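Below is one structure; the comments refer to it alone.
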Amino acid sequence: MASTTNKEYILTLEGKENLEKEYRHLLDVARPEVIEQLQAARAMGDLSENADYDAARNKQAEIEGRIAEIEYILNNAKIIDGSKKARTINVSSIVKYKELADNTEYTVKIVSSIESDPVTDPNNLKISNECSLGQALIGKKVGDVVSVKAIKPYQIEILEVK
């Protein structure tokens with residue numbers, strides 16, 4: 136990724152470790168596999184109408200693009216240490232809150248936009264510090280009542296911060 140301005144990425148330690156694992160997998164497993172696929176496709180002869188070769192080249196481009204992206208992110212990352220317990224909410228905080236409209240309680244972990252995953256595991260919601268809820272929570276503390284600016288704004292009360 137060629138850029139004249141480096142964007143700083145915020146990552147939790149867990150997010151950095153996950154990116155490093157993905158990077159190692161791409162280098163040690165995915166890249167060698169696609170090289171083997173390319174060699175096998177080349178051995179078939181005519182490359183101009185070889186679907187296997189085209190598929191392997193496309194996969195190689197995806198892998199190389201993701202490797203470059205991860206390198207860029209890791210080289211421009213600011214790691215947030217979640218082991219230091221702060222009184223206010225920040226990236227890496229786990230927050231339990233209650234929606235005041237219906238008294239429903241939720242627990243979320245605030246992570247960077249790169250790490251956010253609000254749907255895969257409903258028991259381990261990871262929301263971005265850049266989403267409306269994440270922005271509303273950053274800098275707040277237990278007991279605060281916060282207005283979340285969304286399409287339909289709502290209020291929450293912060294119950295616990297870890």
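So that you can map any letter, position 82 of the sequence shown is 217 in my numbering, and since no number is skipped, the others follow by simple counting.
A virtual CB, placed ideally from N, CA and C, is assigned to each residue, including glycine.
Model, not experiment: these values are computed from the prediction.
The beta carbon of Leu173 sits closer than 8 Å to those of Tyr188, Ala191, Arg192 and Gln195, all from its chain and outside the five residues before and after it, given in chain order. In this structure, DSSP gives Glu168 a helical state, which the three-state scheme calls helix. Residue range Glu240 to Val246 is occupied by the beta strand (DSSP E) that includes Ile245. With a beta-carbon spacing of about 21 Å, Thr239 and Lys276 fall beyond the 8 Å limit used to define contacts. The alpha-carbon of Glu199 is positioned some 28 Å away from that of Asn264. Ranked by how close their Cα comes to the Cα of Tyr144, the residues Tyr158, Ile273, Lys261 and Ile249 have Ile249 in first place. Secondary structure of Ser267 (DSSP, three-state): helix.
Contact between Leu148 and Ile214 holds, since their C-beta atoms are separated by about 6 Å, short of 8 Å.
Collapsing the DSSP output to three states places Lys276 in coil. The continuous alpha helix (DSSP H) containing Leu154 extends over residues Leu148 to His160.
Contact between Leu209 and Leu161 does not hold, since the beta-carbon distance rounds to 13 Å and is not under 8 Å.
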